[in-house]
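This report refers to the structure that appears directly beneath it.
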Amino acid sequence: LTGGFSGTAIIPRLGPSSAPDSGGALRIIDGNVFPKTRAGVQAAVDDLPSAGGSVFLTAGTYTGWTTAVTLPDDIEVYGAGYATIISKNVGSSAGIFMNSNANGSATGTTNNRIIVRDMKILGEGTAQTPYAIRMENVDIFRIENVWCQNVLNNDSASIDIDSCSHFFVRGNYVAGCSNNAIKVRCS
Numbered sequence: 594l595t596g597g598f599s600g601t602a603i604i605p606r607l608g609p610s611s612a613p614d615s616g617g618a619l620r621i622i623d624g625n626v627f628p629k630t631r632a633g634v635q636a637a638v639d640d641l642p643s644a645g646g647s648v649f650l651t652a653g654t655y656t657g658w659t660t661a662v663t664l665p666d667d668i669e670v671y672g673a674g675y676a677t678i679i680s681k682n683v684g685s686s687a688g689i690f691m692n693s694n695a696n697g698s699a700t701g702t703t704n705n706r707i708i709v710r711d712m713k714i715l716g717e718g719t720a721q722t723p724y725a726i727r728m729e730n731v732d733i734f735r736i737e738n739v740w741c742q743n744v745l746n747n748d749s750a751s752i753d754i755d756s757c758s759h760f761f762v763r764g765n766y767v768a769g770c771s772n773n774a775i776k777v778r779c780s
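Numbering-wise (our numbering), the sequence shown opens with residue 594 and increments by one.
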């Protein structure tokens, strides 16, 4: 760094090693071991050790969303930028990603250290998609560089954040949503 800067610069690492406490575990979805479907993404997430890790969605279109992929603690899910496209099923009212303790599934508990980044999420534009990404009761998470388009929501948002702390939402693009682009409800 040059010029008038003084102090400490914090430059985050990117890539598979940036998930906190990941232990280096990486699952790559390329259509071979894990198919480019909602079930394939969930299988890759579930295949990670309990210490967490990263799931890389290679470039391509991912289909089959009938329920949201649930994300546990200490996980990073990332794509190859906007070349990774998640396409919601026509007629499905499912969200795309949510933390495993969202929607009251484990009342009084929180998830920790979740990262979702570098992908495009396309709703079908006619049926309700309650959210692209939902984080509820999460302490420490990041949502970065996610393009959400035609995620038609009722009382939710394309990126829906509820009762969370220590989060970072940056570089996202939301278009064609019927209600809220990014909704934050934190006490």
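All residues carry an ideal CB built from backbone N, CA and C; glycine is no exception.
Everything numeric in this text was worked out from a predicted model, so none of it was measured.
- Residue 640 sits in a helix when the DSSP states are folded into three classes.
- If you ignore the 5 residues before and after residue 737, its C-beta comes within less than 6 Å of the C-beta of 710, 763 and 764, all in its own chain and listed in chain order.
- For the set 620, 679 and 732, the Cα lying nearest the Cα of residue 630 is the one of 679.
- Nearest neighbour of residue 626 by Cα position, chosen from 648, 671 and 744, turns out to be 648.
- Residue 651 holds the alpha-carbon nearest to the alpha-carbon of residue 623 among 651, 641 and 741.
- Exclusion of the five residues before and after residue 666 leaves 645, 704, 705 and 706 as the residues of its chain whose Cβ lies within less than 7 Å of its Cβ.
- Close CB contacts of residue 653 within its chain, under the 6 Å cut and outside five residues either way in sequence, are with 629 (chain order).
- With 16 or more other Cβ atoms inside 10 Å of its own Cβ, residue 637 counts as buried.
- Within its own chain, the residues whose Cβ lies closer than 7 Å to the Cβ of residue 675, once the five positions on either side in sequence are excluded, are 713 and 740, listed in chain order.
- Between residue 655 and residue 688, the beta carbon gap of about 14 Å keeps them out of contact (Cβ cut-off 8 Å).
- Residues 637, 640 and 648 of the same chain have their beta carbon placed closer than 6 Å to that of residue 620, with the five preceding and five following residues left out of the count.
- In the three-state scheme derived from DSSP, where H, G and I count as helix and E and B as strand, residue 709 is classed as strand.
- Along the length of the stretch 653 to 697, whole beta strand (DSSP E) runs at least 3 residues long occupy 653 to 655, 662 to 664, 668 to 672, 677 to 680 and 690 to 692, reported in chain order.
- Residue 773 is not a Cβ neighbour of residue 755, given a cutoff of 9 Å.
- Leaving aside the five residues that flank residue 769 on each side, the residues in its chain whose CB is nearer than 6 Å to its CB run, in chain order, 742 and 743.
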